[in-house]
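Asker: Below are the structure tokens for one structure; questions will follow.
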Amino acid sequence: MARIELKNIVKKYGDGFPAVNDVSLDIADGEFVILVGPSGCGKSTLLRMIVGLEDITDGDLLIDGKRVNDLAPRDRDLAMVFQNYALYPHLTVGENIAFPLRLNHSKVPESEIRERVQRAADMLELHEHLDRKPANLSGGQRQRVAMGRAIVRDAKAFLFDEPLSNLDAKLRGQMRTEIARMQRSLATTTVYVTHDQTEAMTLGDRVAVLRKGVLQQVASPRELYEQP
Ligand code: ADP
Ligand code: ADP
Numbered sequence: 001m002a003r004i005e006l007k008n009i010v011k012k013y014g015d016g017f018p019a020v021n022d023v024s025l026d027i028a029d030g031e032f033v034i035l036v037g038p039s040g041c042g043k044s045t046l047l048r049m050i051v052g053l054e055d056i057t058d059g060d061l062l063i064d065g066k067r068v069n070d071l072a073p074r075d076r077d078l079a080m081v082f083q084n085y086a087l088y089p090h091l092t093v094g095e096n097i098a099f100p101l102r103l104n105h106s107k108v109p110e111s112e113i114r115e116r117v118q119r120a121a122d123m124l125e126l127h128e129h130l131d132r133k134p135a136n137l138s139g140g141q142r143q144r145v146a147m148g149r150a151i152v153r154d155a156k157a158f159l160f161d162e163p164l165s166n167l168d169a170k171l172r173g174q175m176r177t178e179i180a181r182m183q184r185s186l187a188t189t190t191v192y193v194t195h196d197q198t199e200a201m202t203l204g205d206r207v208a209v210l211r212k213g214v215l216q217q218v219a220s221p222r223e224l225y226e227q228p
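Counting from 1, one number per residue, gives the positions in the sequence shown under this note's numbering.
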């Protein structure tokens, strides 16, 4: 769990108009924030800056009060879940989930890795599939594996980039419920990018609306719903 503070964050790619322009947002420990806005408004760029995959041009990013602008992704200890799942095709489900724990720098003992993978598989109902390869899974199962890989690390926060947009409507509803349950039970700080109105209005504590790189509004779903 972590508090994530964005202070006047700017991202410029080349000389063009900033992709993210002076965004400030204080995300509380355990809070679930939804990031919405039209395509190209800077949602992915913002997430990628938070996780450390993209340099911040200007402004400060604080995690638990500590400035992390120059920290490598692994030292920020945040877990990102991508729209395309980004699973390793040659690894089994279990190996995919365990992967972040097997990186050299993590030094987690094998017995604990096994235990943590089991726990993640429990939470996501992936037990029967641990020995299968991603190619043999449904879209929903692949998305669960991607979430398992995030859960297993006990990361300080989850960053979701349109995690359900490749799924059909029925599965999307199901996974939405699961994500809500998972976030409630783990109480992990979450920033979640979506295009989906229902996800925006049901999942988060607050919704942040981004337009052309500028944060236009931050409000609870109820406040947004009741506004004229
Ligand atoms: P969103 O996720 O809301 O669709 P993005 O963060 O992907 O928006 O993009 C925001 C803006 O930054 C867009 O104008 C996009 O074209 C531009 N952009 C994104 N990534 C790059 C990049 N690697 N190089 C140059 N411009 C980029
Ligand atoms: P190395 O050079 O050792 O590979 P890097 O800093 O380049 O280290 O990145 C690897 C570390 O960063 C790993 O701990 C990996 O889990 C983490 N990481 C990389 N990309 C992401 C991401 N999108 N979301 C979360 N963590 C990431």
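The beta-carbon is built from N, C-alpha and C at its ideal position, and this holds for glycine as well.
Could you pull the DSSP bridge partners for V209 from this structure?
Answerer: By one-based count along the sequence shown, residue 209 stands at place 209. Answer is V36, Q217.
Asker: Do T189 and I9 count as a contact pair if the criterion is CB distance below 8 Å?
Answerer: Within the sequence shown, residue 9 is the residue found at index 9, counting from 1. Within the sequence shown, residue 189 is the residue found at index 189, counting from 1. Result no, Cβ atoms of I9 and T189 do not sit closer than 8 Å.
Asker: On the DSSP bridge list, what partners appear for F160?
Answerer: For the purposes of this step, residue 160 is taken as residue 160 along the sequence shown, with counting starting at 1. F160 pairs with V81, Y192.
Asker: May I ask you to report which of helix, strand or coil DSSP gives K43?
Answerer: Taking the first residue of the sequence shown as position 1, residue 43 is located at position 43. K43 falls in the helix class under three-state DSSP.
Asker: Just the Cα atoms here: how many angstroms apart are K12 and E5?
Answerer: By 1-based counting over the sequence shown, the position of residue 12 is 12. By 1-based counting over the sequence shown, the position of residue 5 is 5. Distance between the alpha carbons of K12 and E5 is about 20 Å.
Asker: Check for me: the alpha helix (DSSP H) holding G148 runs from which residue to which?
Answerer: The residue you call residue 148 lines up with position 148 of the sequence shown. 139-151 is the span of the alpha helix (DSSP H), which, as asked, contains G148.
Asker: From what residue to what residue does the alpha helix (DSSP H) around E199 run?
Answerer: As a first step, residue 199 is located in the sequence shown; it is residue number 199 there, counting from the start. Per DSSP, E199 belongs to the alpha helix (DSSP H) from 197-202.
Asker: Between A19 and ligand 1, is the CB less than 7 Å from at least one heavy atom?
Answerer: Here the question's residue 19 lines up with position 19 in the sequence shown. Under cutoff, so the answer is yes.
Asker: By the 10 Å Cβ neighbour count, where 16 or more other Cβ atoms means buried, how is Y225 classified, buried or exposed?
Answerer: To locate residue 225, count along the sequence shown from 1; it is residue 225. It counts as exposed.
Asker: Suppose the cutoff is 6 Å on Cβ atoms and the five residues either side in sequence are ignored; what does the same chain contact list for Y192 look like?
Answerer: The residue you call residue 192 lines up with position 192 of the sequence shown. Cβ neighbours of Y192 beyond the five flanking positions: I34, F160.
Asker: Assuming the contact rule is C-beta atoms closer than 8 Å, L101 and R153 should be a hit. Round their C-beta distance to whole Å, please.
Answerer: For the purposes of this step, residue 101 is taken as residue 101 along the sequence shown, with counting starting at 1. For the purposes of this step, residue 153 is taken as residue 153 along the sequence shown, with counting starting at 1. So it is a contact: roughly 7 Å between Cβ atoms.
Asker: Just how far apart, CA to CA, sit N166 and Q83?
Answerer: Position 166 of the sequence shown, counted from the first residue, corresponds to residue 166. Position 83 of the sequence shown, counted from the first residue, corresponds to residue 83. Each residue's Cα considered, the two are about 7 Å apart.
Asker: Cβ of T45 within 7 Å of any heavy atom in ligand 1?
Answerer: To locate residue 45, count along the sequence shown from 1; it is residue 45. Yes.
Asker: Measuring straight from C-alpha to C-alpha, what distance separates T202 and I151?
Answerer: Counting from one through the sequence shown, the residue named residue 202 turns up at place 202. Counting from one through the sequence shown, the residue named residue 151 turns up at place 151. T202 and I151: Cα-Cα distance of roughly 21 Å.
Asker: At a cut-off of 7 Å, would you count S106 as near ligand 1, judging by its Cβ distance to the nearest heavy atom?
Answerer: Residue 106 sits at position 106 when you count from the first residue of the sequence shown. Outside the cutoff, so no.
Asker: Closest to H127 by CA distance: which of R144, M182, E162 is it?
Answerer: Here the question's residue 127 lines up with position 127 in the sequence shown. It is R144 whose Cα lies nearest to the Cα of H127.
Asker: For E223, list the residues DSSP reports as bridge partners.
Answerer: Working through the sequence shown from its first residue, we reach residue 223 at position 223. BP columns for E223 are empty, so no partner.
Asker: Please check the pair D60 and N69, which I expect to be a contact at CB under 8 Å, by giving their CB distance rounded to whole angstroms.
Answerer: As a position in the sequence shown, residue 60 is number 60, starting the count at 1. As a position in the sequence shown, residue 69 is number 69, starting the count at 1. Right, the Cβ-Cβ distance comes to about 6 Å (below 8 Å), so this counts as a contact.
Asker: For the beta strand (DSSP E) containing V20, list its first residue and its last residue.
Answerer: For the purposes of this step, residue 20 is taken as residue 20 along the sequence shown, with counting starting at 1. Taken as a continuous stretch (DSSP letters only), the beta strand (DSSP E) holding V20 covers 20-27.
Asker: Reducing DSSP to helix, strand and coil, say where I56 ends up.
Answerer: Residue mapping note: residue 56 aligns to position 56 of the sequence shown, counting from 1. Coil, per DSSP.
Asker: Alpha carbon to alpha carbon, how far is L25 from D196? Give it in angstroms, no decimals.
Answerer: Within the sequence shown, the letter at position 196 stands for residue 196. Within the sequence shown, the letter at position 25 stands for residue 25. For D196 and L25, the distance between alpha carbons rounds to 21 Å.
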